[in-house]
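Here the sequence shown is numbered in this note's numbering, starting from 66 and rising by one per residue.
C-beta: ideal position from N, C-alpha, C; glycine also.
Since we're looking at a predicted model, the values are computed, not measured.
First up is the structure itself, then whatever we jot down about it.
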Amino acid sequence: MLIFVLLSSCYYTKLDELTLLWWGLFDNELYVEFSDRRYGPFYPVDGPIPLHRYRKHKKTKTEERADKIADLAKKLGLPRTALDKNADLQFLVDKYKELTPTVTPFNDPDPYQEFTYPTVLFAKRAISDYLAKPLAKLSTEQLAFIDVLLAETLNKKAIIERVRQYFHSNKGGEHNAH
66 MLIFVLLSSC YYTKLDELTL LWWGLFDNEL YVEFSDRRYG PFYPVDGPIP
116 LHRYRKHKKT KTEERADKIA DLAKKLGLPR TALDKNADLQ FLVDKYKELT
166 PTVTPFNDPD PYQEFTYPTV LFAKRAISDY LAKPLAKLST EQLAFIDVLL
216 AETLNKKAII ERVRQYFHSN KGGEHNAH
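Right under this line is the structure:
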């Protein structure tokens, strides 16, 4: 007695074709049904892969041969130059070349803009967010202070600290959450 469960079905709208995958309930058989014909059974190649583990890529015959020759060369103490001259073993030389990573230092001390604003506009937007009001509603004196401050520095910490001092000292004893 065979009991099957419909695992999934795929309907291709452009081709107007329906493909069904049938998975055996009490065994590991997989059947594919297409155009009223059932194909299979198909069996799993290997057991399930545990979580956080991966199967190694199976080596080809050439790679296995290369590994054997490389191991033998190490045992014999054969220098690399001996492999360079042999055209048949050139694939070994190419495979086992040691690659050195290229080192490119950062030109910018703050490449991710963690400490400074990239432009004056970003700084003005941050000040506006900090004050919780648009800069257009500020007085000309306050706007002049912000322009002078941003001409001096774009350092995030310094800007917010100076804005806090300036705007809280002008409040006249009023205490805010900032």
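Asked	Found
With a cut-off of 8 Å on the beta carbons, I'd call Trp88 and Glu98 a contact; round off their distance for me.	Contact doesn't hold; Cβ gap of about 12 Å is too wide.
For Val97, which residues does DSSP report across the bridge?	Leu86, Tyr104
Using only the alpha-carbon positions, how far apart do Phe210 and Phe171 sit?	33 Å
For Ile224, which residues in the same chain have their Cβ closer than 8 Å to its Cβ, ignoring the five residues on either side in sequence?	Tyr182, Ala188, Ala191, Ile192, Leu214, Leu215, Thr218
Within 10 angstroms of its Cβ, does Ala197 collect 16 or more other Cβ (buried), or is it exposed?	exposed
So, Pro113 versus Glu94, is the Cβ gap smaller than 9 Å?	no
So for Thr181, helix, strand or coil by DSSP?	strand
Nearest CA to the CA of Gln178: which residue from Leu141, Asp194, Leu164, Lys222?	Lys222
Taking the straight line between their C-alpha atoms, what separation do you get for Gln207 and Asp194?	15 Å
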